[in-house]
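In UniProt numbering, the protein residues as written are 1 to 212. Here a beta-carbon is modelled for each residue, glycine too, at the ideal position from N, C-alpha and C. Everything below concerns the one structure shown next.
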């Protein structure tokens, strides 16, 4: 790969990624780390070590509190403390609006029966059943996590088929951009127009540990 192309692409991606990721200072993210440090460490703010630094957002934030910040990868054995964090898909606003659809998608519409009165030889074929049908998780989509009761009749045949070529398309970069541009316009309308701000938040998992 052309190193200049890779560098430009990575920098553009990093700028976009950093612009949309959560601001940890607002979430009290670092307060959790500092409290853990005071309870289980020296409490010193002389040195911090960022493992798996990525584009360096955490290192920049740590630099506001620590005298020195070291950033690198692949030296797990050198660390005396561990902090693992993962944030998932953003939480949908007005989740209750999407509950019915979310439940149906996660149940693969098994909760919708085929009324067999006047019909026969009903067959339900679920293509790529090994994958998730819904674009969101049950909780982010308004569901309470309890799958609706199945309504598949005793005489209904069910087949699960895995085949990645059954429902798909090959797109060029221009075709993908055209598809996304339509979604972007719809998103602008949903957000109330240019300049309007809406809160976006994510569920977050934080794991802290100290090496023996």
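Selection from the options that minimises the alpha carbon distance to residue i
i, options, result
"residue 106", "122, 120, 153, 132", "132"
"residue 158", "98, 123, 57", "123"
"residue 127", "120, 113, 109", "109"
"residue 134", "114, 152, 113, 104", "104"
"residue 120", "97, 153, 64", "153"
"residue 48", "65, 36, 57, 35", "65"
"residue 113", "37, 151, 188, 173", "151"
"residue 68", "45, 56, 51", "45"
"residue 52", "43, 41, 42, 70", "70"
Contact under 8 Å by Cβ, residue i with residue j
i, j, result
"residue 206", "residue 39", "no"
"residue 111", "residue 156", "no"
"residue 36", "residue 208", "yes"
"residue 50", "residue 59", "yes"
"residue 34", "residue 61", "no"
Which residues DSSP lists as bridging residue i, in chain order
i, result
"residue 103", "Partner(s): none; residue 103 has no beta bridge."
"residue 157", "123"
"residue 68", "47"
Where the alpha helix (DSSP H) containing residue i begins and where it ends
i, result
"residue 31", "29-40"
"residue 175", "173-190"
"residue 62", "57-62"
Assess, as a yes-or-no matter, whether the region 151-165 is touched by the region 194-208 under the definition of 3 or more beta carbon pairs within less than 8 Å.
no
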